Each structure stands twice: as C-alpha cells, then as structure tokens.
Amino acid sequence: MATYEKHFDSALRAAYEAAERYIANLDGRPVAPTESLEALRSRLAKPLAIEGLAPEEVIADLVRDVEGGIMGSASGRFFGWVIGGTLPAAMAADWLTAAWDQNATLYACGPAASIAEEVVGTWLKQLLGLPNRASFALVNGCQLGHVTCLAAARNRLLQEAGWNVECNGLWGAPRLRILAGRQRHGSIDRAARLLGIGYGNIYDLDTDDRGRMRPEALLKALEKERRFRAIVVLQAGEINTGACDPFRDLIPIAKRYDAWVHVDGAFGLWAAASARQRHLVAGMREADSWVTDGHKWLNVPFDCAYAFIAQAEVHRAAMSHRASYLVHSDDARDAIDWNPDWSRRARSFPTYAALRQLGRSGVAELIDRSCQHAHDLVTRIGRLPGAVVLSEAILNQGLVRFLDPTVDASERDHGRWTDEVIRAIAKTGEAFFSGSDWMGRRAMRVSVCNWRTTGQDVERAAIAVERVLNEMNRARGDSLRASGLLVPSDT
Ligand SMILES: *Cc1c(COP(=O)(O)O)cnc(C)c1O
C-alpha cells in the first residue's frame, strides 16, 4: 500500500471502531454529557503544533478528548428539544458522502448526487402530500429553508408591485409585512432580518391555548393595512405542544388577500406521512412554500432540511446564478438554481438512503411510534406525585411540570422546582429532557424524534423520573421539617 492509502486505512478504521463502540454502548452510557467545560477545554485546546500528526493519531486523540462531552442525542432516551438520531443507512451514506467528497452545486461536479437529489425531491413531495410540480432545495436546516422560501416570496410579491428586488434590492421598495403566530419559531425572525424585511415588520398574531393561530386574528391583520403585501407564516408542529395551525381555515383567508403562505413544518410536516396523523395538517397543501427538516424526525444526520416552493419559476428567479466558468446543465438539475449555498456537500445521499431504508410504511411507522411514545411518556410522568400535565402530547410533543411541595409555593417556586427536576433527571444519566416556558409557566418538554426509542426506553425514562421525584420530595420534606416549616404529619 502507498503511504497515503495506509493512512486512510488506519484513520478510517480507527473512526469506524470508535463509532461502533459509541453506538454499541449507547444504552449503557449517560445520556447527558458528564464532563465540565473546563475539562473539555483543557483537553481539546492544544496549541496548534508546528508539525502535524499521523491521521490515526489525530482520530485516537479526538475520540479520547471528547469523552464525556458528547450529548447523547443518538440515544433512545434523549427527549430534549427536537433533535432526532441517525438511521444506519443514512449514517453509512453520510460517510460515503464524505469519501466521495462531491461539490453538489452542479450536475457537472457530481452527476449522481444531482440525480439522487431529483429522486429525493420527488419522494419527499409524495410522502408529504405536496404538489408534484413544486420545486425544492436541500438546505442545511429550516433556518436557511425559510430564507430560501421567503426570498422567493419577496421576489414574487414585489414583482407584482412592479419592483425587481433581485436587481434593485430593497431601497425604495414597497413595504412587505410578515404575519405570524406569537408562538412562531425564532428562525422566522432571523430570516426576516437576513432578507431585509426586518423583524419590526413581523406582526404577532394571537394564538389559542396550544399555540395555533386564530383565524379571526389573521383576518383582522390582513384587513388592516391592506395596502401592504403580506407573507403569512403558518406552523405545522409548535415546538412545545406539537400543535398545527388550522390550515384549512387559515389558508383560504390568506389567499383572499393575495398573501404568500409559508409553512414552517420543521417536524410537524411529517404528520402528512402518517394516515393516523395526517388530519392535523389537512389543507396545508394549498400553501405557497413549505420547509421541513431531515435531521430531526426523519433521522438523517445533521445537517439536512428541505424547502419546497409551489411556483418553481419564482424559486429559480430568487436563487439561480449563471457564470461563464461554471458548467450549467440544460437537462439535469443544478442545485445552485435552487439553493442559497454555493459549494455544498451531497446532502441527497443520506436522505436517499434513509427513505430507502424506511420505505413509505417505515416512515409512517416512525411517525406513529414516536407519537405513541410521547403520549405514553406524558401520561406516565403526569401521573407521578407532584407532576402535572400542561399539554397532552400532540404529535410527538407534550409538556409536564412539577410542583414544589412547599405548602405556600408560588408560581415562581414551581418553575424553579421544575428546572431542578429537569437537571436531576439529566444527572441520573438515564434520560434527558429540556425545559421551556409555556403560557407564563415553566415546563419540561417531552419530545420524541428518535427512531431508536422503544417502549423499554419510555419505561426506563419514566422510572428515572419517578425516582428523582421521590428523592427530591423526600429531601424537601426533610429540610422543611428540620426548619420547622412542616410538621411531620404533613407528609
Ligand atoms: C428546529 C426548528 C426550526 C429550525 O430548524 P433548523 O433545521 O434547526 O434550522 C424552525 N422551526 C421549528 C418549528 C423547529 O422545530
């Protein structure tokens, strides 16, 4: 073997073995990171040496130095935020994507990657029930998906107002406004800032107790200031409650006012892939653009998301670029026509592999199973002493909170207590949940997006929560008795 081949061989072997060990031990290792910031920094922050190292040595050091600093989001007992794991075929395809090292911006630079992307786009539209004429882009996340879709919205709305934003920019352009639910994701605000629309032109619309936009609020906002064209941003899957906006009521209202309707469906759009959950997103097909993530619920490795736009020509007008040094294809897909990025990895391969591994029924089953686990977790935890269900699971998201056992505990105390419970659960290493504020109350989110999560994981997590609550309630009782705030018969 030539030296460079030997290096590849030993570095890849070291990486493979470390990955295999990591995955095989997922059930045994703590879900939350165990190492402190100082320790991780002191291990990783080496001076950049003058001389380099052998690749296999670099990998061995890396594996050792990150120990205890890897969040166990790949574990079936990780229920924090909305993150998801990685399907075996998707991970393997991701490794190959690195080996092949395609610059997937042009067909000419990566023909197979470009065709896999065409195929993936078609499959995704079928699974999600989107119009088959819609265009699409494989972006790095919903954040850039919003930028892509809202750039197209900006192009079309201003075009209709006689303004060419691609050429003239926004100086002197007619004003645009964004109407969005109060519970929207912050990535909408960032997209508005990046696109020069500005967050000051986002209007907060009233939502119901689950975070769904109220149709009368939309109607009122559209009616007021009719002279300004509007982008209406709707949501499939509120991050705390999992709730989806009532698209069937909202979209026809928006259309009456010629608004562009964009759907943030980072995880919730996947409801469309399940016969059981589909009713939650009924009517969303009538929107103008949609985004959803691959790296969350589809369990494709980070980073990968999908943006879809009903009017392909508007999408292309907002993104396409031609240059004499590039080789453009007439009959094949050039991602640069659809993506905001220029050079980029071949994101199509891991998604292609994930969808082939699951098949249509596998995707539906993944969605249904996650929803069932979320429901079971919320119900089980909600029954524990001192626990309260704040929001029963819709899709794969629910909320619980924990009450401070002190007799005259305030709302603030319950909030603090809830955060303490969340921290104590993480410390057991048995499960991981994250916190959030919901309608002025602190809550623990229950979010299930990992294909690996099983009924046993749910059981094990619920037992861990129960133990933590028992211990904390007992400790609190002891300390209150010691301080004379609680007489023994109170417990
Ligand atoms: C995660 C999330 C986003 C942002 O998506 P990224 O892929 O992280 O860029 C936007 N909206 C919702 C509802 C989300 O859950």
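Just so we're aligned: 1036 in our numbering is position 387 of the sequence shown, and the numbers increase by one with no gaps anywhere.
For every residue, glycine included, the Cβ atom is placed at its ideal position computed from N, Cα and C.
Keep in mind that this is a model prediction, so the values were computed, not measured.
Asked, Found
"Proximity below 8 Å, CB of Ala-1023 to CB of Ala-1003", "no"
"Identity of the residues DSSP links to Ile-708 by a beta bridge", "Per DSSP, none; premise fails for Ile-708."
"Simplified DSSP state of Ala-667, which is helix, strand or coil", "helix"
"Entirely enclosed beta strand (DSSP E) segments - the segment 765 to 830, minimum 3 residues", "784 to 788 and 825 to 830"
"Sequence-distant residues of its chain with Cβ nearer than 6 Å to Thr-652 (five each side left out)", "none"
"Cβ-Cβ separation, Ala-903 to Leu-867 (assumed contact under 8 Å), whole Å", "7 Å"
"Proximity winner among Leu-899, Arg-842 and Ile-1071, relative to Glu-865 (alpha-carbon distances)", "Leu-899"
"Cα-Cα separation, Gly-1078 to Ser-1019", "21 Å"
"N- and C-terminal bounds of the beta strand (DSSP E) containing Ser-1040", "1036 to 1043"
"Where Thr-1140 falls, given that 16 or more other Cβ within 10 Å makes a residue buried", "Residue placement at Thr-1140 cannot be trusted, given a pLDDT of 44 that sits under 50; the coordinates are not used to answer."
"Chain-ordered list of residues that sit, by beta carbon, closer than 6 Å to a heavy atom of ligand 1", "Val-731, Gly-790, Cys-791, Gln-792, His-834, Ser-836, Gly-886, Ile-888, Asp-913, Ala-915, Phe-916, Asp-942 and Ala-954"
"Cα-Cα separation, Gly-778 to Val-930", "10 Å"
"Among Gly-701, Asp-714 and Glu-706, the one whose alpha carbon lies nearest that of Thr-683", "Asp-714"
"Segments assigned alpha helix (DSSP H), at least 4 residues, entirely inside the segment 716 to 750", "737 to 749"
"Identity of the residue in Leu-947, Leu-975, Ile-958 and Val-963 nearest Asn-1005 by Cα", "With the sequence shown as reference, residue 1005 is identified as Arg, and Asn is not the correct amino acid for it. When each option's Cα is compared against that of Arg-1005, the closest is Leu-947."
"C-beta contact flag for Thr-739 and Pro-950 at 8 Å", "A small fix is needed here, since residue 739 is Ala in this sequence, not Thr. Going by C-beta atoms, Ala-739 is nearer than 8 Å to Pro-950."
"Close-in-space but distant-in-sequence residues of the same chain around Ala-908 (CB under 8 Å, 5 per side omitted)", "Leu-828, Leu-871, Arg-878, Ala-879, Ile-880 and Val-881"
"Contacts around Asn-889, its chain only, beta-carbon distance under 8 Å, and the 5 residues preceding and following it disregarded", "Gln-832, Gly-860, Ser-1040, Gln-1046, Leu-1048, Ser-1085, Trp-1087, Ala-1092 and Arg-1094"
"Contacts around Arg-927, its chain only, beta-carbon distance under 7 Å, and the 5 residues preceding and following it disregarded", "Ala-920 and Ala-921"
"Pair within 8 Å by beta-carbon distance, Val-912 and Cys-791", "no"
"Proximity below 8 Å, CB of Ala-1111 to CB of Leu-1026", "yes"
"Buried or exposed (CB count within 10 angstroms, at least 16 for buried), Leu-693", "exposed"
"Reduced DSSP secondary structure (H/G/I, E/B, other) of Leu-1048", "strand"
"Inside the segment 874 to 909 only - alpha helix (DSSP H) runs reaching at least 4 residues", "896 to 905"
"Ranges of the beta strand (DSSP E) found wholly within the segment 1066 to 1134, counting only runs of at least 3", "1081 to 1087 and 1090 to 1096"
"Straight-line gap, Glu-654 to Ser-1096 (C-alpha atoms, nearest Å)", "44 Å"
"Beta-carbon proximity check, Arg-1109 vs Asp-1017, cutoff 8 Å", "no"
"Buried/exposed call for His-970, threshold 16 Cβ in 10 Å", "exposed"
"Whole-number beta carbon distance between Ala-984 and Arg-782, since they are thought to touch under 8 Å", "Their Cβ separation, rounded to whole angstroms, is 19 Å, which puts Arg-782 and Ala-984 out of contact at 8 Å."
"Beta strand (DSSP E) runs contained entirely in the segment 922 to 996, provided each spans 3 or more residues", "938 to 942 and 954 to 958"
"Same chain only: Cβ atoms within 7 Å of Gly-1035, ignoring 5 sequence neighbours per side", "Phe-1051, Leu-1052, Pro-1054, Leu-1118 and Asn-1122"
"Assumed close pair Gly-725, Thr-1102 - CB separation to whole angstroms, cut-off 8 Å", "4 Å"
"Reference Phe-727; option with closest CA among Trp-744, Arg-678 and Asn-817", "Arg-678"
"Counterpart residues of Asp-676 in DSSP-defined beta bridges", "Asp-676 is not bridged to any residue."
"Cβ neighbours of Ala-1113 in the same chain (closer than 7 Å, five flanking residues each side left out)", "Ile-1074, Thr-1077, Glu-1079 and Ala-1080"
"Cβ neighbour criterion (16 or more within 10 Å) applied to Thr-771", "exposed"
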